[in-house]
Every structure is written in structure tokens, then in C-alpha cells.
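Below is one structure, written out as C-alpha cells, with a few remarks after it.
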Amino acid sequence: MQQGLASAVKRQHEITPTEGGKLRIPRGFLTPGFITAATSLGHTYRVTGIEFANPGSHQGYFSALQVPFMLFGADDFAMARPNRGSRYSPMQMLENAADVDRATTETADCIRHHTGDLPGIGRLCNVIGELHDNVRAHANGAGFSMAQLWSYKGQYDVIEFAVVDAGKGFFRECQRRAVPGVTDHVSAIDWCLRKEHSTKDIDHEDFAQQQPEDAMGNPFGQATDVMYRHDGNHHQGLGLDQLMNLVRHYDGELWIASGDTLLSSTPATRAEYEFGSYAAVPHWQGVAIACRLKLSELGKNIEEEPLSDDVQSILDDMTF
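Read left to right, the sequence shown gives residues 5 to 324 (this note's numbering).
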């Protein structure tokens, strides 16, 4: 049985029943959406260990993906990771600019390893970088990302990338901006999927003092709003509309959870509704996104756009 993002959101109280307890991982095939959401839950609930229903299948797998390292600070995987950057991008915590760069690079490497420079791949990498930076900007160090490629039921290869945080969520961000017509989590997700809609431009007051991201303290005093900046921030406000457009072009699947709402966007649900079908779920604190694309569809029906300068610089300069 496949366990994806939707399953993690619906079963979140089973996965982390108590604060300071164990992270409970069920049986089944676990997708990046599920694993990233479970990791975020484990971080939020300060779990002290991981309990696997099927340790033979999942314990070593989680170690290879660096989940215990992200949660407990100890890398217990003794072997090399030869498939890193080609078959998967391990779990990354998105706390700062370097984390964003690393997660973007490794996810892009997974895609380009199998597609090369097919049309549209640059645009896809730009959008992935934007998703990562959105989490870093909004989630206060409580965001995670990973990606993996696998053969879906032995029929075709897919890649799924997931970005999950425990931040404010879309509805609270829209409320902060006083967006007209946004009255609940469904309308907030819908608004964020519209062209050129973004909450990024109200992260700080217009007259906030600026400091470097690594600055210590606030020399302007507690009464003065301060925004922290870094030169490598490629947060362009591309928005989820770009991701939705790519998912449509590639005939892919997209899941978005925020608050008490889950959007499932598949070819079948998009045939009936504009973005897909909405369902009520247990409240998810923050935003959880998982996107699944067939490798065979990448590059089709897309005109290439160049990589943004920041993403291209990341790919050119970073080494591992």
C-alpha cells in the first residue's frame, strides 16, 4: 500500500501521538511526500526516536535519506550513498541560504541526471528553488525537503519532490495581507495558485531596518522592525501558479495541504475542477507540498526558459 502526502496529513496524529514520544512509521511504500511530512512532524513534536512497523524495509532507508540525522543529529548510515544526486536527494532542513542552495542543487541534479537539458527543465528547477526559498523565508527554520525517483508499479519512472513546513500556512499569510475574498483554507490555497499571487512582499514593514542574515542581535532596539537579508536569496515570488502550470503541461500530480484542507490535483481531478479536488483533513500547521512527474513527460509541450541567475550560479558553483 502506498503512503503519500495525503496519508501523512490524514494520519498525522497516529504518526506523532505525543510530544517527546516516538515517530511511528507504518507499513507500505513511502513516498517523499509522506517521509517529508513525517520528518516535519517529528521535528515539531520533538520525537526521541523512530518506531518502524516494518524495520526491515524502512529503517535503513530512512538512515540513507538522513532522516535520523535531521531529527537527532546523528548519521547512523555506515555505507556510501552512490545514488545521491541521481536517484534521490536526501532530507534537507531549510534553515538558511546554504540549505536552500543544497536542496535545490541536489533535486535539480536528480532531474537533470535523467533528462539532460530538455526544454522546460530550467523552468522546473527555478520553481523548485523558489519553493525551497519560500519555506526558508516563511517557516522560521521548520521546513524540510527531499526528492526521489522510482519505477511506478514497474510501468514508468517518476520523480517526486516534497517541501513541507510548520509555518503560518496560506490562510494566515493571506489574512496578514488582508486579501479580499479569502475566508478559509480552501480559498487561501486557491488564491495562492492564481497567476502572480504571492504573500512574499509583506514579510516585513516597508520601513524595516535591514541586517545581514547572519547578524547577531538587533542594534536598532526591540521597538524597531528588522528584516534579515542575504545575497543568495533567489526568492522571486514566482508563486505556486508556475508549479501548477508545469504540472498541467507534464500531466503530473500535485498535493497541497494547508490548515484543514488538502488539494489533490491529478489528471482525473483537473478534468472536473480547475485545480483539482479539495478535501477536509485534520489541521496541518503550515504548508505541505508534494509533486510527482513522469520522466517520460518532462520536456514535452514546454518552451525552455533560462535558469535564473541565482539558480544557475548555485548549479555552477556548488560542489559536494
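Glycine included, each C-beta is placed from N, C-alpha and C at the ideal position.
- Item | G53 classed as buried or exposed, judged by whether at least 16 other C-beta atoms fall within 10 angstroms | So G53 counts as exposed.
- Task: For E23, count neighbouring C-beta atoms within 10 Å of its own C-beta (all shown protein chains included) and say buried if the count is 16 or more, exposed if not.
- Result: Exposed, since its Cβ has fewer than 16 Cβ neighbours within 10 Å.
- T109: buried (16+ other C-beta within 10 angstroms of its C-beta) or exposed? Its Cβ being crowded by 16 or more others within 10 Å, T109 is buried.
- Message: What does DSSP give as the partner residue(s) for Y156 in the beta ladder?
- Response: Y160, per the DSSP bridge assignment.
- Task: Could you check which residue in G171, C196 and V167 has the C-alpha nearest to that of C178?
- Result: C196 is the residue among G171, C196 and V167 whose C-alpha sits nearest the C-alpha of C178.
- Can you name the start and end residues of the alpha helix (DSSP H) that P94 belongs to? Run containing P94: none in the alpha helix (DSSP H); it sits in the beta strand (DSSP E), Y92 to M97.
- What residues match up with F56 in a beta bridge as DSSP calls it? Partner residues in the beta bridge of F56, as assigned by DSSP, are I29.
- Distance CB(T35)-CB(A294) smaller than 8 Å: Taking 8 Å as the Cβ cut-off, T35 and A294 qualify as a contacting pair.
- Message: Taking the beta carbon of D80 as the centre, do at least 16 other beta carbons fall within 10 Å, making it buried, or is it exposed?
- Response: Counting Cβ neighbours within 10 Å, D80 comes out exposed, since fewer than 16 surround it.
- Message: Going residue by residue through the region 238-296, where are the continuous beta strand (DSSP E) segments of at least 3 residues, counting only ones entirely within it?
- Response: Fully enclosed beta strand (DSSP E) runs of 3 or longer: 257-269.
- Task: Provide the residue span of the alpha helix (DSSP H) that contains L128, from first to last.
- Result: Residue range I125 to H142 is occupied by the alpha helix (DSSP H) that includes L128.
- Query: Going along the chain, which residues of its own chain have a beta-carbon closer than 6 Å to the beta-carbon of E28, five neighbours each way excluded?
  - Reply: Note on identity: in this sequence residue 28 is Arg, with Glu being the wrong assignment. Cβ contact annotation for R28 (same chain, cutoff 6 Å, sequence separation greater than five): I19 and E55, in chain order.
- Task: Could you spell out the range, first to last residue, of the alpha helix (DSSP H) harbouring M74?
- Result: Element bounds for M74: V71 to F76.
- Using the Cα positions of P72 and V51, report the straight-line distance between them to the nearest angstrom. Their Cα atoms are separated by approximately 10 Å.
- Task: Could you work out which residue in F76, H136 and S90 is closest to A292 when comparing CA atoms only?
- Result: The option with the nearest alpha carbon to A292 is H136.
- Whole-number beta carbon distance between F174 and A151, since they are thought to touch under 8 Å: In this structure A151 does not touch F174 by the C-beta definition: roughly 22 Å separates them, more than the 8 Å allowed.
- Query: I think Y160 touches S269, with their Cβ atoms under 8 Å apart; what is that distance to the nearest whole Å?
  - Reply: Cβ atoms of Y160 and S269 stay farther apart than 8 Å, at about 19 Å.
- Reducing DSSP to helix, strand and coil, say where F4 ends up. Residue 4 lies beyond the range of the chain shown here (5 to 324); nothing can be said about it.
- Query: Straight-line CA distance for K199 to P59?
  - Reply: Inter-residue distance for K199 and P59 is about 44 Å (C-alpha atoms, whole angstroms).
- Message: Quick check on the burial criterion: 16 or more other C-beta atoms within 10 angstroms. Buried or exposed for P275?
- Response: The amino acid occupying residue 275 in the given sequence is Ala; Pro does not appear at that position. Exposure of A275 is indicated by the presence of fewer than 16 other C-beta atoms within 10 angstroms of its C-beta.
- Task: Compute the distance between the beta-carbons of R140 and D103, then report whether it is under 8 Å.
- Result: Cβ atoms of R140 and D103: closer than 8 Å.
- CB contact flag (Q70, P94, <8 Å): If you check the CB distance, Q70 and P94 come in under 8 Å.
- Quick one: is N87 buried, meaning 16 or more other Cβ sit within 10 Å of its Cβ, or exposed? By the neighbour-count criterion, in which 16 or more other beta carbons inside 10 Å mark a residue as buried, N87 falls on the exposed side.
- Nearest-angstrom Cα distance between R180 and I193? If I take the Cα positions, the gap works out to 15 Å.
- Please report the residue range of the alpha helix (DSSP H) in which D79 lies. Annotation for D79: no alpha helix (DSSP H) segment contains it, and DSSP assigns it neither H nor E.
- Compute the Euclidean distance between the alpha carbons of G77 and A41, then round it to the nearest angstrom. Straight-line Cα distance between these residues: approximately 18 Å.
- Query: Is R15 helix, strand or coil when you go by DSSP?
  - Reply: Of the three classes helix, strand and coil, the one that applies to R15 here is coil, per DSSP.
- Item | Extent of the continuous alpha helix (DSSP H) run through A112 | Element bounds for A112: A101 to T119.
- Item | Assigned exposure category for K172 - 16 Cβ within 10 Å defines buried | By the beta-carbon neighbour count (other beta carbons within 10 angstroms, threshold 16), K172 is buried.
- Hey, out of P271, K298, L266 and Q289, whose CA is closest to A283's CA? Minimum Cα distance to A283 is reached at L266.
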